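Numbering (this note's numbering), first residue to last: 120 to 413.
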Ligand code: ATP
Ligand code: PLP
Ligand code: MG
Ligand code: MG
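Below is the structure:
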């Protein structure tokens, strides 16, 4: 029997709600992936709530988990997915993790979401930028920066599709075969752009903007793109499945957010991703949004 694809996913865990591993694991499992989550933090909830409590996994803790997996010969993965990392030492240990896992499986696909910030603001320490740029990005097979992260990594401001294409080429030159910009705001719609060196294809897909701000959607994007690029084998259907799934999940989330809630419900809680209610869509995404070759 053929083994299913097996993902090691190093991301945040929240007790309540859906970001990081909580937004990545269930969709990956539904799509047939074995998922081993390492929780880089364990927090009560994401940072958009009035209070956050919890613990942070430090780089020594991560190193210890790697030793345990190796000692038991459990460190054979087809994919590694990483998201939010809060410190320089943790990110450097991730670089070592990638190198070690690729020694075990030279065809391992590393999907890196270089989470640093959004809308012109960094929400991780500044020193993480050069570690991503110089140590992590060169090891990645697929990177999924948003517009701001693309600008940070390349040192180029982007405000139209030509700039985005140039910046993507510059990112390819640092190593990754596939670059996907999860969202850019160069238009009235949100634009995602994907590019692969495999067949030299660059595509864009326009997403109508829903009138709400979601959390965990970037993490869901990276997980879905990992899954669909494995299942589809080329970027156009992979991006289309990813974005159509997200669009349906977010529409459902937005609808539910307007429904009746307990008086005490915080606005952050009302807009938590409705992943469980989206089970069918995740398994079988629609075809409404279509990508265009650039
Ligand atoms: P990250 O910060 O994780 O690198 P990001 O900033 O691009 O990524 P989002 O802004 O959440 O993360 O965008 C990810 C995807 O979520 C987009 O490609 C889009 O499909 C969807 N999305 C997010 N917000 C909206 C919205 N308001 N309307 C429609 N789609 C949205
Ligand atoms: N991880 C944690 C702990 C967060 O608090 C957040 C956002 O608040 C995220 C990840 C990022 O979520 P997104 O997928 O929207 O970028
Ligand atoms: Mg964003
Ligand atoms: Mg994110």
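All C-beta atoms in this analysis are idealised placements derived from N, C-alpha and C, irrespective of residue type, glycine included. As the structure is a computational prediction, the values presented were derived from the model and not from experiment.
Counting only the same chain and skipping the five closest in sequence on each side, list residues whose C-beta sits under 6 Å from that of residue 357. Excluding positions up to five away in sequence, the list reads 347, 348, 351.
How far does the alpha helix (DSSP H) with residue 375 in it reach, from first residue to last? DSSP places residue 375 inside the alpha helix (DSSP H), whose first and last residues are 354-376.
Quick one: grab the DSSP three-state call for residue 135. Correct three-state label for residue 135: coil.
Where the alpha helix (DSSP H) containing residue 179 begins and where it ends: Where residue 179 is concerned, the enclosing alpha helix (DSSP H) stretches over 178-190.
At a threshold of 7 Å, does residue 263 count as lining ligand 1 (C-beta to nearest heavy atom)? A distance criterion of 7 Å places the beta-carbon of residue 263 in contact range of ligand 1, judged by its closest non-hydrogen atom.
Beta-carbon spacing of residue 228, residue 256 below 8 Å: For residue 228 and residue 256, no; Cβs fall outside 8 Å.
Between the beta-carbon of residue 180 and the beta-carbon of residue 201, is there less than 8 Å? Going by C-beta atoms, residue 180 is not nearer than 8 Å to residue 201.
Does the count of Cβ pairs from the region 317-333 and the region 124-138 closer than 8 Å reach three? With a cut-off of 8 Å on Cβ pairs, the region 317-333 is not in contact with the region 124-138, counting fewer than three such pairs.
Is residue 177 closer than 8 Å to residue 211 when the C-beta atoms are compared? It is not a contact, given that the beta carbons lie outside the stated cut-off.
Taking the alpha-carbon positions, what's the residue 319 to residue 298 distance? One Cα belongs to residue 319, the other to residue 298, and the distance between them is close to 11 Å.
Going by C-alpha to C-alpha distance, which of 286, 284, 208 sits closest to residue 249? Measuring from the Cα of residue 249, the nearest candidate turns out to be 208.
Segments assigned alpha helix (DSSP H), at least 4 residues, entirely inside the region 282-354: Residue ranges of uninterrupted alpha helix (DSSP H) with 4 or more members, entirely inside the region 282-354 and ordered along the chain, are 336-351.
Buried or exposed: which applies to residue 337, given that a residue is buried once 16 or more other Cβ atoms fall within 10 Å of its Cβ? The Cβ neighbour count for residue 337, taken over all protein chains shown within 10 Å, is at least 16; the residue is labelled buried.
Give the DSSP-derived three-state secondary structure of residue 211 in the structure shown. Of the three classes helix, strand and coil, the one that applies to residue 211 here is helix, per DSSP.
Taking the alpha helix (DSSP H) that residue 146 belongs to, which residues open and close that run? It spans 140-149 - the alpha helix (DSSP H) in which residue 146 sits, taken as one unbroken run.
Please report how far the alpha carbon of residue 370 lies from the alpha carbon of residue 382, in whole angstroms. Looking at the two C-alpha atoms, the distance is approximately 23 Å.
Taking all protein chains shown into account, decide if residue 385 is buried (16 or more other Cβ within 10 angstroms of its Cβ) or exposed. It is exposed - the Cβ of residue 385 has fewer than 16 other Cβ atoms within 10 Å.
I'd like to know if the region 306-314 and the region 280-296 are in contact, where contact means that at least 3 CB-CB pairs between them fall below 8 Å. Three or more beta-carbon pairs separated by less than 8 Å link the region 306-314 to the region 280-296, which places the two stretches in contact.
Reduced DSSP category for residue 172 - H, G, I as helix; E, B as strand; rest coil: In this structure, residue 172 counts as coil in the three-state DSSP scheme.
One or two residues paired with residue 411 in a DSSP bridge: Bridge partners of residue 411: 323.
Quick one: what's residue 166 bridged to in DSSP? Partner(s): none; residue 166 has no beta bridge.
Can you tell me whether residue 226 is buried or exposed, with buried defined as 16 or more other CB within 10 angstroms of its CB? Note on residue 226: under 16 other CB atoms within 10 angstroms of its CB, so exposed under the neighbour-count rule.
Could you tell me the boundaries of the beta strand (DSSP E) in which residue 200 lies? Element bounds for residue 200: 198-201.
Opening and closing residue of the beta strand (DSSP E) in which residue 230 lies: Element bounds for residue 230: 228-231.
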